[in-house]
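Asks:
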Amino acid sequence: MRVGAWAALREDASAIRHDVFVLEQQVPPELEMDEMDAHCIHAVAYDAGGTPVATGRLLPDGHIGRMAVRQSARGTGIGGQVLQRLIQAARERGDSEVVLSAQVHALGFYTRYGFVAEGEVYMDAGIEHRTMSLPLNGDRPLG
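For the sequence shown, the UniProt record's numbering begins at 1 and goes up steadily by one.
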């Protein structure tokens with residue numbers, strides 16, 4: 001796994017996000033890419049052959065977003081590894097909590113890592129989402 005700035009991980013992260021969000025989920029490309037990427041910590045995970053298969057980002061305000069795993073790598077645990085690495089980066093930075101906007105079908109995934117759903121379901125890019133948060137002031141095991 002590589003963790004770093006957008007300048008270093010742009011090619012791999014954007015390819016995964018294009019495959020998952022634009023092609024698979026039909027999110028318009030102009031909604032998928034935004035100016036925040038340059039300000040985020042990014043994580044990209046690779047399969048045994050070196051192909052980028054999962055990504056996510058941590059925004060300056062403690063939000064985790066753009067979590068995406070290519071179909072070929074789903075169910076392997078790689079998405080959880082990306083999530084845990086972003087949570088670790090938030091802890092190292094001194095964040096008190098992380099927040100994310102989870103697609104409703106992925107609520108169970110995030111719950112396994114200690115996230116708690118808040119508020120009502122809402123639509124974003126034509127997909128149902130729900131806000132979830134995880135306080136970082138405890139030593140709860142993740143996963």
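All C-beta atoms in this analysis are idealised placements derived from N, C-alpha and C, irrespective of residue type, glycine included.
Does DSSP put Ala89 in a helix, a strand or coil?
Replies: Counted from its first residue, the sequence shown places residue 89 at position 89. If DSSP states are grouped into helix, strand and coil, Ala89 belongs with the helices.
Asks: Could you pull out every residue in the same chain whose Cβ sits closer than 8 Å to the Cβ of Met123, ignoring the five residues on either side in sequence?
Replies: Taking the first residue of the sequence shown as position 1, residue 123 is located at position 123. Closer than 8 Å at the Cβ level, and outside the excluded window around Met123, lie His129.
Asks: Short check: CB of Gln81 to CB of Ala45, under 8 Å?
Replies: Here residue 81 is taken as the residue at index 81 of the sequence shown, counted from 1. Here residue 45 is taken as the residue at index 45 of the sequence shown, counted from 1. Contact: yes.
Asks: Going by DSSP, what residues sit across from Ala102 in a beta bridge?
Replies: Here residue 102 refers to the residue found at position 102 when the sequence shown is read from its first residue. Note: Ala102 sits in a beta bridge opposite Arg130.
Asks: Distance check for Phe115 and Pro141, CA to CA, integer angstroms please.
Replies: Translated into the one-based positions of the sequence shown, residue 141 becomes position 141. Translated into the one-based positions of the sequence shown, residue 115 becomes position 115. Annotation note: pLDDT 47 at Pro141 (below 50); position unreliable, coordinate value reported separately. So the alpha carbons of these two residues sit roughly 12 Å apart.
Asks: Leaving out five residues before and five after Arg91 in sequence, what residues of the same chain have Cβ atoms less than 8 Å from its Cβ?
Replies: Translated into positions along the sequence shown, residue 91 becomes position 91. If we look at Arg91 and ignore the five residues flanking it on each side, its Cβ neighbours are Leu136.
Asks: May I have the straight-line CA-CA distance separating Leu58 from Ala89, to the nearest angstrom?
Replies: In the sequence shown, residue 58 corresponds to position 58, counting from 1. In the sequence shown, residue 89 corresponds to position 89, counting from 1. So the alpha carbons of these two residues sit roughly 8 Å apart.
Asks: What would DSSP say about Thr58, mapped onto helix, strand or coil?
Replies: As a position in the sequence shown, residue 58 is number 58, starting the count at 1. It should be noted that the sequence gives Leu, not Thr, for residue 58. Reduced to three states, the DSSP call for Leu58 is strand.
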